[in-house]
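Structure, as structure tokens:
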Amino acid sequence: MFNAVKYNERTYEGYRGAIELPHSIRTYFDGFADEFNDISKKQKLLDLGYVLKRGYDLAAQIKACLYDRPHIGEYEFKMSLFGLIEYVDKDYMKDNGYDYLIEDYCIDSLVGILSNVLDDHYIEYSDYTHELT
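First residue of the sequence shown? That's 1 in the UniProt record's numbering, and the numbers climb one at a time after it.
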């Protein structure tokens, strides 16, 4: 689907070596944030694939962001999660019996679905490149 892209492990290193996304959580999921369009969907998915593969608790980070910023709507984050899932595998939801009523899904469910999709489509190589297939 895409060409492999070089990455640097330090890009994903946070405080005391913890795995972190290289941009704020709003960059990935809040369509109303100024920084939302700073990186492409492809790069968002590569970043998410990298951190999820290493056990990053994406659902907890999203919930913390929403809790800390009550003016941000959960619906926007859910729409972004759906959009990322469909970007990688447009038929995944339909093929697996999911409907498209966003209000029927909690953040945990959508993050789980995204994680499953990335398990199938995110690949890392020994030359420090990664891609989506």
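The C-beta atom is built at its ideal place from N, Cα and C for all residues, glycine as well.
Paired residues, beta bridge with residue i - DSSP
i	result
Leu132	Tyr122
Glu13	Ile19
Lys6	Thr129
When the options are compared against residue i, the one with the closest alpha-carbon
i	options	result
Glu103	Glu74, Ser126, Asp89 and Val111	Glu74
Leu66	Val5, Ile107, Leu132 and His121	Ile107
Val51	Leu114, Asp38, Asp89 and Ala4	Leu114
Tyr12	Ile39, Asp91 and Pro22	Pro22
Ser24	Ala64, Asp119 and Val5	Ala64
Expected contact under 8 Å - CB spacing of residue i and residue j to nearest Å
i	j	result
His121	Tyr7	About 16 Å; that fails the 8 Å criterion.
Leu45	Tyr87	7 Å
Leu84	Lys41	6 Å
Cβ neighbour criterion (16 or more within 10 Å) applied to residue i
i	result
Gly97	exposed
Thr133	exposed
Arg26	buried
Closer than 6 Å: residue i CB and nearest the ligand SAM heavy atom
i	result
Gln43	Ligands displayed in this structure: none; no statement on the ligand SAM is therefore possible.
inquiry  = Would the region 41 to 58 count as touching the region 15 to 24 if we require 3 or more Cβ pairs under 8 Å?
reply    = yes
key: At least three beta-carbon pairs within less than 8 Å, the region 74 to 84 to the region 19 to 36   = yes
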